[in-house]
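Using my numbering, the first residue of the sequence shown is number -4, and each one after it goes up by one. Using N, Cα and C, we set each Cβ at its ideal position, and we do this for glycine too. None of these values were measured; they are calculated from a predicted model. The block underneath contains the structure these notes are about, expressed in structure tokens.
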Amino acid sequence: MKKEILFIFFFLFIFSSQLSFGEVYKWVDEKGVIHFTDDITQVPEKFRPQIETIGASEEIGETKGEKRDSSTKKKEDTYLNRSARGEGYWRGRVEEWGKKLKASQEKVNSLRIKYNELTEKFNQSKSTIERANIRKERDRVKADIDQYNAQIEEAKYMLEKKIPEEAEVFKAKPEWLKQ
């Protein structure tokens, strides 16, 4: 009985497991030593232009007699850059930072309106205590504006500099970065 149960579990394990394969990157250093890695960031910058991508999934199904041309296989249909991140990844990053930028800009605009209203109240007030309270509230609003302005600058930096630089390193298509 135990052997039958063990056999069933073994059978299920063998036939239910899925094979998964990733990309392997190959490059040759200045001494002629061949290196392999599955993480593109482990390849030194100066060797990235000469990287050869070896996709294990492409090599499954190849026999000694048949050889697939991996350079033309589905390149038109699905283009993945060197980091194996496709169009969805890059468009998603740009969209995410674009939303952050827009939300921060809208928040700054509403806080500026509030700040101007508080300034108007401050100027119209005759009471010293009320003016002090309005000043505190106005200073808090000003601090919030400064915080959101910093977020705006960060989003602009990401959209205008950081993401395009990363995309260039990983050879992503420039049209993927359009908003």
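Using the Cα positions of residue i and residue j, report the straight-line distance between them to the nearest angstrom.
{"i": "E91", "j": "K173", "result": "12 Å"}
{"i": "E61", "j": "K151", "result": "Low local confidence applies: a pLDDT of 43 at E61 is under 50, so the model's placement there is unreliable, with the coordinate-based value given in what follows. Cα to Cα, E61 sits roughly 50 Å from K151."}
{"i": "R126", "j": "E170", "result": "53 Å"}
{"i": "R88", "j": "I3", "result": "46 Å"}
{"i": "Q37", "j": "V28", "result": "15 Å"}
{"i": "A162", "j": "E(-1)", "result": "55 Å"}
{"i": "N111", "j": "R86", "result": "37 Å"}
Give every residue of the same chain whose Cβ lies closer than 6 Å to the Cβ of residue i, excluding the five residues on either side of it in the sequence, and list them in chain order.
{"i": "K102", "result": "Y143"}
Ordered along the chain, which non-local residues of its own chain (more than five positions away) have a Cβ less than 8 Å from that of residue i?
{"i": "I129", "result": "L113, K116, F117 and S120"}
So, using beta-carbon positions, are residue i and residue j closer together than 8 Å?
{"i": "F31", "j": "K21", "result": "yes"}
{"i": "I140", "j": "L106", "result": "yes"}
{"i": "T48", "j": "E18", "result": "yes"}
Could you check where the alpha helix (DSSP H) with residue i kicks off and where it finishes?
{"i": "T114", "result": "E82 to Q119"}
{"i": "T32", "result": "No alpha helix (DSSP H) contains T32, which is instead part of the beta strand (DSSP E) from I29 to T32."}
{"i": "T123", "result": "T123 to Y152"}
{"i": "P169", "result": "First-last for P169: undefined, no H or E at that position."}
Since residue i is in the beta strand (DSSP E), which residue starts that stretch and which ends it?
{"i": "E18", "result": "E18 to V23"}
Please list, in chain order, all residues of the same chain as residue i whose beta carbon is under 7 Å from its beta carbon, the five residues on each side excluded.
{"i": "E149", "result": "none"}
{"i": "M153", "result": "W92"}
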